[in-house]
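Enquirer: Mind looking over this structure? Questions follow.
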């Protein structure tokens, strides 16, 4: 795999852990840096605002020069399951993808697409509102058969990371201490060859031990949604010019 792609993905993972969105959890599988699993909530649309949705991100070796593909795993009524979705931010539209965009921004944009019409797009569904609302309520107790993570636990994790910390973070037993160039102590994830054979989510990558206060959930969510809306507007302008 590309060294450039690997460095970029590790950098994005580190940023997500140091400043996580209030409504998104995303990280790679322990045995494959180029397949990520994500969980999103607070998506746009009355039919989905109670839902918690889990899916896969398949990243090409040429990332970020080429876009990722997205697949939803949680029944939702808007997108087909286990099928690549045709979005302006996905592999179906390489000509619209910008290398400066990140997994975080792509997921924010994906959340905004829930409220749009399928309009015959690949991977899209047009399901009655009542069914979508029913699936949204059921989604909170859904568990991924691949990474074994439950939506309820993952969203609880996202919410907890935005609560101000009163004490330094503890260091996991399976991690080692290392020193950065600035002398700060960091937590280094255990080596992949020590991981279990089953595909589980990757342990946290390096983060500073000293805890820092997070921005309020409302402010973070507003910022992420604003960025997502700007991306959607940019894509629509590009489509009109084509």
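Numbering (the numbering used here), first residue to last: 4 to 245. Every residue, glycine too, gets a C-beta built ideally from N, C-alpha and C.
(1) Keeping to the same chain, check which residues put their C-beta closer than 8 Å to that of residue 97; ignore five residues upstream and five downstream.
(2) Rounded C-beta distance between residue 118 and residue 48? I'm assuming under 8 Å.
(3) DSSP beta-bridge partners for residue 38?
(4) Quick one: using the 10 Å Cβ neighbour count with 16 as the cut-off for buried, is residue 103 buried or exposed?
(5) Since residue 27 sits in a beta bridge, which residues does DSSP pair it with?
(6) Should residue 33 go down as buried or exposed, given a rule of 16 or more other Cβ atoms within 10 Å for buried?
(7) So residue 41 packs on residue 29, CB below 8 Å; how close in whole Å?
(8) Kindly indicate which three-state DSSP category residue 93 falls into: helix, strand or coil?
(9) Can the beta-carbon of residue 126 be found closer than 8 Å to that of residue 151?
(10) Less than 6 Å between C-beta atoms, sequence neighbours within five positions excluded: which residues of the same chain meet that for residue 44?
Expert: With the structure as the only source:
(1) 69, 70
(2) 3 Å
(3) 61
(4) exposed
(5) 43
(6) buried
(7) 4 Å
(8) coil
(9) no
(10) 26, 55, 158
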